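Visitor: My questions will all concern the structure given below.
2 protein chains.
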Amino acid sequence: MKQVRRREVIRTGTTVEQMVRAIADMIVTGAILPGEKLDEITLASRFEVSRTPVREALRELGAMGLVGREPNRSAVVTNVTGTYLHSMFEAMAELEGICARLSAERMTVDERRALELEHRGSMRLVHAGAEEDYAAHNTEFHTRLYRGAHNDHVFEMVTQTRARLAPFRRAQFRLPGRLAKSYEEHDQIVTAIIRADAVAAGQAAYSHVAIVSDASAVFAAAGE
Amino acid sequence: MKQVRRREVIRTGTTVEQMVRAIADMIVTGAILPGEKLDEITLASRFEVSRTPVREALRELGAMGLVGREPNRSAVVTNVTGTYLHSMFEAMAELEGICARLSAERMTVDERRALELEHRGSMRLVHAGAEEDYAAHNTEFHTRLYRGAHNDHVFEMVTQTRARLAPFRRAQFRLPGRLAKSYEEHDQIVTAIIRADAVAAGQAAYSHVAIVSDASAVFAAAGE
DNA sequence: CACTCGCAACCTGCATACAGATGCCGTTCC
DNA sequence: GGAACGGCATCTGTATGCAGGTTGCGAGTG
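If you read the sequences in order, they're chains A and B. Just so we're aligned, residue 24 is where the first sequence starts under this note's numbering, counting upward by one. Just so we're aligned, residue 24 is where the second sequence starts under this note's numbering, counting upward by one.
Here's what the structure looks like:
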């Protein structure tokens, strides 16, 4: 990490790690859309490096599942099938459930307090209808759950799954009334965690994500 | 896939995909031990290719979590810390639980029958004390559970986690009485799945893996 | 007019060459 | 005698060139 940063200054180009992050960002934020081709030469000139590091970055993104690769073809931003998308949403709900359950059992006092504060603070965003800000809060909120589970491998899995799902849930908070509903569901999760009620926390988190998945599935199917 | 195979004949060297598989195999079977360095030049000469495809293979293995990489250092077979190892075993138990639960709900009649047959057939291996064969059966048995969940993303996660855990659970069936115990636990899982009792299946699978994890953790700590 | 075959441009896969970084070891100085 | 510094060997990171595969377009034919 530190070395990478040092290089950032020295070299005119970009390191592979930076490219991976940059491209992954473009994918999850929607700057590049699913199905779009990622031409090595184009990317190389764009990042001002040769094709070699670009290839390595693409291979890593492929292993992460963000782009698909097949022999002698351009890498393409993964455009998952409906059934696979569904399996990811379902898996996400399971993972969230696990995280909430473990969080209820394992979060430190500080973590519980921080989660509650984060949650309470989001109420004004709901009232203001600040979708963008609420989305940011939402990410933070869920990340706290993932960390609170105190299980690094689960954290990796859930983080990676979320990244792969990101392109398909962007418009989520635009649905009317979704903000208030999300807040309420968060509230149930937080309450259960504060009470150290693992089962309730797990179920609340599972439903929360499962509901979101339904809404987004509709959106995705609608061709967003 | 097909194209790769065609090339296998034409070119003297090896493709990146083949190398990834080969190296991953060496790691999970213990041919290369955790902590061992993977020198690019050595691997290149060993596979009769240049360093470029080796680098790509190593990067992919890095993304899979099988090898660790840091700037300007050789890739090393991941030697996970105790706490991370523990988190993987815990995650594995959760994932197995999910698979068994979903299998109980979703397996087709054929899948249930095949699972039961596979299981019943393993009894003679237990009596014979055939550890190697039982290990093979065990892999097949669990793979059936993973597939039976009918969730591709969960399948990917559980498969990848199992691959990363493989180096640490090798000696598992050498423990006295472990074969019989494993069979009995499998029996509970199968029974619950046949009965379509999702909760029981999930719990049985969770305990099954959690128990194994304890035994293996001891082994790993002992320095196997 | 549609369909097929062939060619050409383009792109990926890999090898090789070079630059930069790291670590080790011997030497030197305190 | 020990520690610090410098040089060398080695390995990683990247650029570039070449070979093979794929695609798309155009000409020719039914």
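The beta-carbon is built from N, C-alpha and C at its ideal position, and this holds for glycine as well. Given the structure is predicted, the values throughout are model-derived calculations rather than measurements.
Which of helix, strand or coil does DSSP assign to Gly-225 of chain B?
Guide: Here residue 225 of chain B is taken as the residue at index 202 of the second sequence, counted from 1. Three-state result, Gly-225 of chain B: helix.
Visitor: If you follow the alpha helix (DSSP H) that Ala-194 of chain A is in, where does it begin and where does it stop?
Guide: Within the first sequence, numbered from 1, the residue matching residue 194 of chain A stands at position 171. Counting along the chain, Ala-194 of chain A falls outside any alpha helix (DSSP H), and DSSP gives it neither H nor E.
Visitor: Of all Cβ atoms in chain A, is any one closer than 7 Å to the Cβ of Tyr-157 of chain B?
Guide: For the purposes of this step, residue 157 of chain B is taken as the residue at position 134 of the second sequence. With 7 Å as the cut-off, Tyr-157 of chain B does not count as an interface residue toward chain A.
Visitor: Val-177 of chain B touches chain A at which residues, Cβ-Cβ below 8 Å?
Guide: As a working mapping, residue 177 of chain B is identified with position 154 in the second sequence. Within chain A, the residues near Val-177 of chain B are Ser-110, Glu-113, Ala-114 and Glu-117.
Visitor: Between the C-alpha atoms of Arg-192 of chain A and Cys-122 of chain B, what's the straight-line distance to the nearest angstrom?
Guide: The residue you call residue 192 of chain A lines up with position 169 of the first sequence. The residue you call residue 122 of chain B lines up with position 99 of the second sequence. Distance between the alpha carbons of Arg-192 of chain A and Cys-122 of chain B: 25 Å.
Visitor: Shorter than 7 Å from the beta carbon of Met-180 of chain A to some beta carbon of chain B?
Guide: Counted from its first residue, the first sequence places residue 180 of chain A at position 157. With 7 Å as the cut-off, Met-180 of chain A counts as an interface residue toward chain B.
Visitor: Quick one: measure Cβ to Cβ for Leu-89 of chain B and Ala-186 of chain B, integer angstroms, because I've assumed they're closer than 8 Å.
Guide: For the purposes of this step, residue 89 of chain B is taken as the residue at position 66 of the second sequence. For the purposes of this step, residue 186 of chain B is taken as the residue at position 163 of the second sequence. Correct: roughly 7 Å between the Cβ atoms.
Visitor: My output table needs one value for Leu-108 of chain B: the three-state DSSP class, helix, strand or coil.
Guide: Residue 108 of chain B sits at position 85 when you count from the first residue of the second sequence. Looking at Leu-108 of chain B - three-state DSSP - the assignment turns out to be helix.
Visitor: Judging by CA-CA distance, which residue of A:Phe-196, A:Val-177, A:Ser-126 and A:Leu-118 is the nearest neighbour of Glu-155 of chain A?
Guide: Here residue 155 of chain A refers to the residue found at position 132 when the first sequence is read from its first residue. Ranking the options by Cα distance to Glu-155 of chain A, first place goes to A:Phe-196.
Visitor: Report yes or no: is there a C-beta of chain A within less than 7 Å of the C-beta of Glu-31 of chain B?
Guide: Position 8 of the second sequence holds residue 31 of chain B. Any reading at Glu-31 of chain B needs caution, since the residue's pLDDT is 29, under 50, leaving its predicted position unreliable; the model's value is listed next. No, because no Cβ of chain A sits closer than 7 Å to the Cβ of Glu-31 of chain B.
Visitor: Quick check on DSSP: helix, strand or coil for Leu-61 of chain B?
Guide: To locate residue 61 of chain B, count along the second sequence from 1; it is residue 38. Strand, per DSSP.
Visitor: Alpha helix (DSSP H) containing Val-213 of chain A: first to last residue?
Guide: Here residue 213 of chain A is taken as the residue at index 190 of the first sequence, counted from 1. Unbroken alpha helix (DSSP H) run through Val-213 of chain A: 201–217.
Visitor: Any C-beta of chain B sitting closer than 7 Å to the C-beta of Met-87 of chain A?
Guide: One-based indexing of the first sequence puts residue 87 of chain A at position 64. With 7 Å as the cut-off, Met-87 of chain A counts as an interface residue toward chain B.
Visitor: For Gly-85 of chain B, which residues from the same chain have a beta carbon less than 6 Å from its beta carbon, with the 5 sequence-adjacent residues on both sides left out?
Guide: Along the second sequence, read from residue 1 onward, the residue named residue 85 of chain B stands at position 62. Answer for Gly-85 of chain B: Arg-92, listed in chain order.
Visitor: Three-state secondary structure (DSSP) at Ala-80 of chain A?
Guide: What you label residue 80 of chain A is simply residue 57 of the first sequence in a count that begins at 1. Note: Ala-80 of chain A maps to helix in three-state DSSP.
Visitor: Indicate the three-state DSSP secondary structure (helix, strand or coil) for Val-99 of chain B in the structure shown.
Guide: If you number the second sequence from 1, residue 99 of chain B lands on position 76. The answer is strand: DSSP assigns Val-99 of chain B an E or B state.
Visitor: Could I get the ranges of all uninterrupted alpha helix (DSSP H) runs contained in the segment 122–195 of chain A, with 4 residues as the minimum, in chain order?
Guide: You should have 132–144, 146–151, 154–171 and 175–188.
Visitor: Verify the CB distance criterion: does Lys-25 of chain A have a CB-CB separation below 7 Å to chain B?
Guide: Counting from one through the first sequence, the residue named residue 25 of chain A turns up at place 2. Its pLDDT being 27, under 50, Lys-25 of chain A is placed unreliably in this model, and the value from its coordinates should be taken loosely. Chain B, which has no Cβ nearer than 7 Å to the Cβ of Lys-25 of chain A, makes this no.
Visitor: Quickly, what does DSSP pair Gly-91 of chain B with across the bridge? List them, please.
Guide: For the purposes of this step, residue 91 of chain B is taken as residue 68 along the second sequence, with counting starting at 1. B:Val-99.
Visitor: Since I believe Ala-127 of chain A is in contact with Ala-224 of chain A (beta carbons under 8 Å), could you give me their beta-carbon distance rounded to a whole number of angstroms?
Guide: Position 201 of the first sequence, counting from 1, holds the residue named residue 224 of chain A. Position 104 of the first sequence, counting from 1, holds the residue named residue 127 of chain A. Indeed, because the Cβ distance is near 4 Å, the residues count as touching under 8 Å.
Visitor: Thinking C-alpha only, which one of A:His-176, A:Thr-184, A:Asp-210 and A:Val-213 is nearest Thr-104 of chain B?
Guide: If you number the second sequence from 1, residue 104 of chain B lands on position 81. Here the closest residue by C-alpha is A:His-176.
Visitor: Thr-52 of chain A: which of A:Ala-233, A:Ala-158, A:Thr-214 and A:Leu-198 sits nearest, CA to CA?
Guide: The sequence position of residue 52 of chain A within the first sequence is 29, counting from 1. Closest option to Thr-52 of chain A, Cα to Cα, is A:Ala-158.
Visitor: Can you tell me the Cα-Cα spacing of Leu-61 of chain A and Ser-97 of chain A, whole angstroms?
Guide: Against the first sequence, residue 61 of chain A aligns to sequence position 38. Against the first sequence, residue 97 of chain A aligns to sequence position 74. C-alpha separation (whole angstroms): 6 Å.
Visitor: Going along chain A, which residues have a C-beta under 9 Å from Thr-184 of chain B?
Guide: Counted from its first residue, the second sequence places residue 184 of chain B at position 161. Within chain A, the residues near Thr-184 of chain B are His-176 and Met-180.
Visitor: At a Cβ threshold of 7 Å, is Tyr-107 of chain A touching chain B?
Guide: Residue 107 of chain A sits at position 84 when you count from the first residue of the first sequence. Output row for Tyr-107 of chain A: interface = yes.
Visitor: Name the chain B residues whose beta carbon is nearer than 9 Å to that of Thr-75 of chain A?
Guide: Numbered from 1 along the first sequence, position 52 holds the residue referred to as residue 75 of chain A. What Thr-75 of chain A touches in chain B: Thr-75 and Arg-78.
Visitor: Give the interface partners of Glu-83 of chain B over in chain A, defined as CB-CB distance under 8 Å, in chain order.
Guide: Numbered from 1 along the second sequence, position 60 holds the residue referred to as residue 83 of chain B. Result: Arg-82, Glu-83, Gly-85 and Ala-86.
Visitor: By the DSSP assignment, the alpha helix (DSSP H) with Val-15 of chain B in it spans what residues?
Guide: Within the shown structure, residues of chain B are numbered from 24 to 247, placing residue 15 of chain B beyond reach of any answer.
Visitor: What residues from the segment 199–224 of chain B come within 9 Å of chain A, judged by C-beta to C-beta, listed N to C?
Guide: Here the close residues number zero.
Visitor: Is the CB-CB distance between Pro-76 of chain B and Val-39 of chain B below 7 Å?
Guide: Start at 1 with the first residue of the second sequence, and residue 76 of chain B comes out as number 53. Start at 1 with the first residue of the second sequence, and residue 39 of chain B comes out as number 16. Contact: yes.
Visitor: According to DSSP, is Leu-56 of chain A helix, strand or coil?
Guide: What you label residue 56 of chain A is simply residue 33 of the first sequence in a count that begins at 1. The answer is coil: DSSP assigns Leu-56 of chain A none of H, G, I, E or B.
Visitor: Determine whether the Cβ of Ile-46 of chain B lies closer than 7 Å to any Cβ atom of chain A.
Guide: Taking the first residue of the second sequence as position 1, residue 46 of chain B is located at position 23. No, because no Cβ of chain A sits closer than 7 Å to the Cβ of Ile-46 of chain B.
Visitor: To the nearest angstrom, report how far apart Val-100 of chain A and Glu-63 of chain B are at their CA atoms.
Guide: Position 77 of the first sequence, counting from 1, holds the residue named residue 100 of chain A. Position 40 of the second sequence, counting from 1, holds the residue named residue 63 of chain B. Taking the straight line joining both Cα atoms gives about 29 Å.
Visitor: Using beta-carbon positions only, say whether Leu-138 of chain B and Arg-167 of chain B come within less than 7 Å of one another.
Guide: Your numbering for residue 138 of chain B matches position 115 in the second sequence. Your numbering for residue 167 of chain B matches position 144 in the second sequence. Taking 7 Å as the Cβ cut-off, Leu-138 of chain B and Arg-167 of chain B qualify as a contacting pair.
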